[in-house]
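Novice: For the sequence shown, my numbering gives the first residue as 4, with consecutive numbering after it. Ideal Cβ placement from N, Cα and C applies to all residues, glycine included. Take a look at this one; I'll ask things after.
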Amino acid sequence: MPEFILRNYTEEMVRDYVELQLPKEDICDCGRCKLDVIAHMLNNLPASYGITHRGYLFDKMKDMDMQNRVTISKCFHKAVLAVKDRPSDECSTLVAFS
4 MPEFILRNYT EEMVRDYVEL QLPKEDICDC GRCKLDVIAH MLNNLPASYG
54 ITHRGYLFDK MKDMDMQNRV TISKCFHKAV LAVKDRPSDE CSTLVAFS
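Now the structure itself:
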């Protein structure tokens, strides 16, 4: 019997996007700040779950959609601004300078 895996493809796309784009931004890229950006984005994007490999491939096609890429980009920039404006007390950069 095959093993099924539940995936949130939106989360996978967001994590990949943040890994590529966060180093280009003027923002702390410690683990806490990175997760704060990811969480902010995921709270503002629709989830896209898939169980089968076939469903996962269908969602993968959404990644190629231009509107989807623009939406993720806008959401990323809003998340970066939000985290920059209000960094967590657990930000390793802030802790290092306290």
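What is the DSSP secondary structure of N11, reduced to helix, strand or coil?
Specialist: Numbered from 1 along the sequence shown, position 8 holds the residue referred to as residue 11. Three-state DSSP puts N11 in a strand.
Novice: Here's the rule I'm using: 16 or more other beta-carbon atoms within 10 Å means buried, otherwise exposed. How should H43 be labelled?
Specialist: Against the sequence shown, residue 43 aligns to sequence position 40. Looking at its Cβ environment, which holds 16 or more other Cβ atoms inside 10 Å, H43 is buried.
Novice: Within this structure, are the beta carbons of V83 and I30 separated by less than 8 Å?
Specialist: Taking the sequence shown and counting its residues from 1, one reaches residue 83 at position 80. Taking the sequence shown and counting its residues from 1, one reaches residue 30 at position 27. Closer than 8 Å, so yes.
Novice: Where DSSP assigns a beta bridge to G53, which residues make up the other side?
Specialist: Along the sequence shown, read from residue 1 onward, the residue named residue 53 stands at position 50. Partner(s): R10.
Novice: Which residues bound the alpha helix (DSSP H) around D88?
Specialist: In the sequence shown, counting from the first residue as 1, residue 88 sits at position 85. Unbroken alpha helix (DSSP H) run through D88: M69 to D88.
Novice: According to the neighbour-count rule (16 or more other Cβ atoms, all chains shown, within 10 Å of its Cβ), is T13 buried or exposed?
Specialist: Taking the first residue of the sequence shown as position 1, residue 13 is located at position 10. Looking at its Cβ environment, which holds 16 or more other Cβ atoms inside 10 Å, T13 is buried.
Novice: Which of the three DSSP states, helix, strand or coil, is assigned to I41?
Specialist: Working through the sequence shown from its first residue, we reach residue 41 at position 38. Looking at I41 - three-state DSSP - the assignment turns out to be helix.
Novice: In three-state DSSP terms, what is D32?
Specialist: Start at 1 with the first residue of the sequence shown, and residue 32 comes out as number 29. D32: coil per DSSP, three-state reduction.
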